[in-house]
Structure formats: structure tokens, C-alpha cells
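*Asks:* Please read through the structure below; I'll follow up with questions.
There are 2 protein chains.
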Amino acid sequence: MEIRSTVKVADRQALERVLRATGFFNDEELSVALELVSERLAEGEGSHYRFLVAEEGGRVVGYACWGPILGTLASVDLYWIAVDPAEQGKGVGKALLEAAEAQIAGEGRSRVYIETSSRAQYVPTRAFYLRCGYTIVAELEDFYAPGDGKVMFLKVLHPTAQA
Amino acid sequence: MEIRSTVKVADRQALERVLRATGFFNDEELSVALELVSERLAEGEGSHYRFLVAEEGGRVVGYACWGPILGTLASVDLYWIAVDPAEQGKGVGKALLEAAEAQIAGEGRSRVYIETSSRAQYVPTRAFYLRCGYTIVAELEDFYAPGDGKVMFLKVLHPTAQA
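Line order of the protein sequences matches chains A and B. Counted from 1, the first sequence has number 162 at position 158 by our numbering; the numbering is strictly sequential. Counted from 1, the second sequence has number 49 at position 45 by our numbering; the numbering is strictly sequential.
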């Protein structure tokens, strides 16, 4: 598996395929996720959004997307992380997350926040973040909808950058 | 005092004056706040952002700005509420907040979230929200900076709209 930080035009379609394959995202979420890809393609390195794309034998199998939180000194939101279901269980997600954390730390940021749903569908997602060293710092009940709360995770990194 | 939901071009300067007068917002925050005003002026009623502007004798003395949270059924973020310090203590903030809540409920949304800093400077701000019926649902320590956490408030409204 290879992980790259450049985003290519062809990735848009590949990432849509990955996102749809997971079955986790509705049309609105899908559209937001792909907008960020388009924004990154249009703005390049100047974009607010950082990406890592995982490839296996030249085929896109997953990605992570994050960005600094405006108005904070060192906080980052991990917006999206998705892995092709056919490639799950092989450490792709963990490798993406660790590579993202290394890049975040390298940019001098140390607090990685991830938000996810409290619904049963997300039990494996939440278990994954806990396994990767994240802790639950807040739960907002009924945030998304009645019975569908928001769970907020945090991992504090040790910055490797010199300011 | 009058409260209106239309935003005028002249408000941009007046709201900048109010925001600066409070002494609570740095240049980055000011610029974000004014961008939302510009966005609202450009997009009009189609804007994602809702505003209420308070006037006293034709002079702008405060405002509130909020918007629905994407991907949620009924949650709203109250982004900004500011009152000219010369007019504080007269119930302008409370009137703005209650008018905003009435409009939010009228649009069928019921969960109003407000985020503020845990710093000592915001003790009066936090006391204001508690007085207005908000409760603290989460605290993220060191979110903005070391020693500067994020405090999240929530008020659950009773929707008045028929879907």
C-alpha cells in the first residue's frame, strides 16, 4: 500500500466509489465530502483541506481529509476517513490515520478531533478510534436527530515541528 | 428597541463598530464575523446565515447570527451575538436571543448550540447563557489554546412550525 498527499483529478471519481461502497454516507454527506475534494483540486496546496490517499496496486482504496480549526492554536478536525470495504481489516484505515497524525504533528498542531455518530451502525467506527488512541471527550445527545447523538473524540499528539 | 431580520449594506460598518467596541474579538474573529455579514448581503434570504439586528433610535446596537447545522435534523449553531457595551445591561442581548429562538423554533428547529471560551474574560458571557436557559453540555479543554477551552451550551426549544 502507498499513501500520497497529492490529490489527482481522477481521485474524485475513485473517492466517490469508495465513499458509496462503505454504505455509511447519505447523499448530503457524499456531496459535502466530494466538495472538499473539488476545493482541494481547485486550490491545491493553498487549500484549507489536507488529504491523504491510499492506493493498493495503483487503485485508490481509501483516504483521509482534515483541516486546522479556524480560531484555534493547535486543533484539527479530521473530517473524513474512509476505506473501501473490500480492503478493510488490512490496516489501511490505521495507516491513513497514523500518516495523517504524523503530518499534523509536523505542521505543529497537536489536538486531533473526530466527530462521529452515536448510532449502533458506528460501533465499529468508534471502536477503531479508541483502538487508535483516541478518547471520547464529549457526547451531544440527539445532535444529528432524535436518538442520533454526536460523539467527539480527541487524540493529543506531540508536535514535531519547530513552530 | 427594534429588532429586524433584514440586513442592510450599512450594517456591515455598524456591526464592525459594535464588535470592536466589545473588545472581545480579535482580528481573525472580526474578519470571520464580517464575512458572514457580507455573505448574507450577497445571498439575501437564500443565505445559510440568519441575522437579527437590534436598533435603538435608528442606531445599530447589537446583532445575533446563527445557522442550521448541516447534516442535522434540528440543530442550530448560534455563531455570534454582540451588543454595544454602551447598551449592555438593558436586555438587548436577551431580547436578541429570545427573538432568535422564536425564529429558530418557527423554522422547525429545536436544538440551539452556542460555543464560547472557558477563559475568565467570558465569565459574564457564560453567566448570560445560563440565565437565558442554556445548559453546558460539553467542555473541551485547551481547544482554542493551552488554558483556553471550549464550553458548549445547549437549549432545547419547542418547535412551533408544522414541519
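For every residue, glycine included, the Cβ atom is placed at its ideal position computed from N, Cα and C.
Could you check if Thr120(B) is buried or exposed, using at least 16 other CB atoms within 10 Å of its CB as the buried criterion?
*Replies:* Buried, by the Cβ-count rule.
*Asks:* If we require 3 or more residues per run, which beta strand (DSSP E) segments fall completely within the region 46 to 120 of chain B?
*Replies:* Segments of the beta strand (DSSP E) lying fully in the region 46 to 120 of chain B: 54 to 60, 63 to 72, 79 to 87.
*Asks:* Could you compute how far the alpha carbon of Ala25(B) sits from the alpha carbon of Asp88(B)?
*Replies:* Taking the straight line from one Cα to the other gives about 6 Å.
*Asks:* Quick one: does Ala167(B) have its CB under 8 Å from some CB of chain A?
*Replies:* Legend: pLDDT at Ala167(B) = 47, less than 50; position of this residue unreliable, no value from coordinates given.
*Asks:* Sort out for me which residues DSSP pairs Ala149(B) with in a bridge.
*Replies:* Paired residues: Asp152(B).
*Asks:* Candidates Lys12(B), Gly97(B), Arg63(B): which alpha carbon is nearest Leu40(B)'s?
*Replies:* Closest by alpha carbon: Lys12(B).
*Asks:* List the residues of chain A that Tyr148(B) touches, going by C-beta distances under 8 Å, in chain order.
*Replies:* Under the 8 Å cutoff, chain A gives Gly75, Thr76, Leu77, Ser79.
*Asks:* So Arg8(A) is in the beta strand (DSSP E); what residue range does that whole segment cover?
*Replies:* Looking at the DSSP string, the run of the beta strand (DSSP E) that includes Arg8(A) is 6 to 8.
*Asks:* DSSP on Ala14(B), reduced to helix/strand/coil?
*Replies:* If DSSP states are grouped into helix, strand and coil, Ala14(B) belongs with coil.
*Asks:* With DSSP run on the structure shown, which of helix, strand or coil describes Phe29(B)?
*Replies:* In this structure, Phe29(B) counts as coil in the three-state DSSP scheme.
*Asks:* Residues of the region 110 to 134 of chain A in Cβ contact with chain B at a cutoff of 8 Å, in chain order, please.
*Replies:* Taking 8 Å as the Cβ-Cβ cut-off against chain B, the residues of the region 110 to 134 of chain A that qualify are Arg115, Tyr117.
*Asks:* At least one CB of chain B closer than 8 Å to the CB of Leu34(A): is that the case?
*Replies:* It does not; no Cβ of chain B falls within 8 Å.
*Asks:* Under 7 Å from any heavy atom of the ligand FAD, does the C-beta of Glu102(A) make it?
*Replies:* The model on display carries no ligand, and the ligand FAD is accordingly not part of it.
*Asks:* Report back the beta-carbon spacing between Tyr67(B) and Ala86(B) to the nearest angstrom; my notes put them in contact at under 8 Å.
*Replies:* Going by Cβ atoms, the distance from Tyr67(B) to Ala86(B) rounds to 6 Å, so yes, they are a contact pair.
*Asks:* Return no unless some Cβ of chain B is closer than 8 Å to the Cβ of Val96(A).
*Replies:* No, no contact with chain B.
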